[in-house]
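Residue numbers for the sequence shown follow my numbering, beginning at 14 and rising by one.
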Amino acid sequence: MGRERGLHHRLRPSARRRGAQKGDLQKEPPEGVGTEPVDHGLGRSRGGLTTKLHLAVEQGQKPLSLFVTAGQRHDSPQFQPVLDGIRVPRIGRGRPRTKPDRVRADKAYGSRANRACL
């Protein structure tokens with residue numbers, strides 16, 4: 014009986030060994046990777062991975078410009094890149110229109126720098 018017990022014990026891995034194997038499956042550290050490419054648009058928060066879409070639309074709600082950032086990034090610095098992405102083709106010849114007549118935005122975009130840009 015002692016011999017069978019020893020054989021069974023050798024076939025089953027110990028709890029310490031099982032934990033080490035599970036820990037090896039994680040590819041990135043829990044605090045995240047510091048070398049995340051800037052164009053991924055993924056950010057970390059308490060809720061998990063998040064993304065923000067900064068969008069400029071016309072009155073008919075057709076998109077004119079879209080800028081994707083990580084969820085933890087602030088809204089205000091993205092105002093100018095969104096406006097710089099607007100390109101409305103002119104009827105006939107000429108360069109595309111890039112400056113809107115009016116802008117309606119959330120209060121997060123109401124900084125002095127954004128007002129000066131307008």
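Glycine included, C-beta positions come from ideal geometry on N, C-alpha and C.
If you draw a straight line from the C-alpha of residue i to the C-alpha of residue j, how long is it?
i, j, result
"isoleucine 99", "alanine 126", "19 Å"
"glutamine 91", "alanine 129", "14 Å"
"glycine 123", "serine 89", "7 Å"
"valine 116", "valine 81", "19 Å"
"aspartate 114", "lysine 65", "25 Å"
"aspartate 119", "isoleucine 104", "31 Å"
"glutamine 74", "arginine 106", "25 Å"
"histidine 87", "lysine 112", "23 Å"
"leucine 131", "alanine 121", "15 Å"
Residue i by DSSP, collapsed to three states: which one?
i, result
"alanine 129", "helix"
"lysine 65", "strand"
"serine 124", "coil"
If you follow the beta strand (DSSP E) that residue i is part of, which residue opens it and which one closes it?
i, result
"proline 94", "Not the beta strand (DSSP E): proline 94 falls in the alpha helix (DSSP H), residues 92–97."
"leucine 79", "76–83"
So, are the CB atoms of residue i and residue j less than 8 Å apart?
i, j, result
"glutamine 93", "glycine 56", "no"
"valine 101", "arginine 108", "no"
"leucine 77", "valine 70", "yes"
"glycine 60", "alanine 83", "no"
"leucine 79", "leucine 68", "yes"
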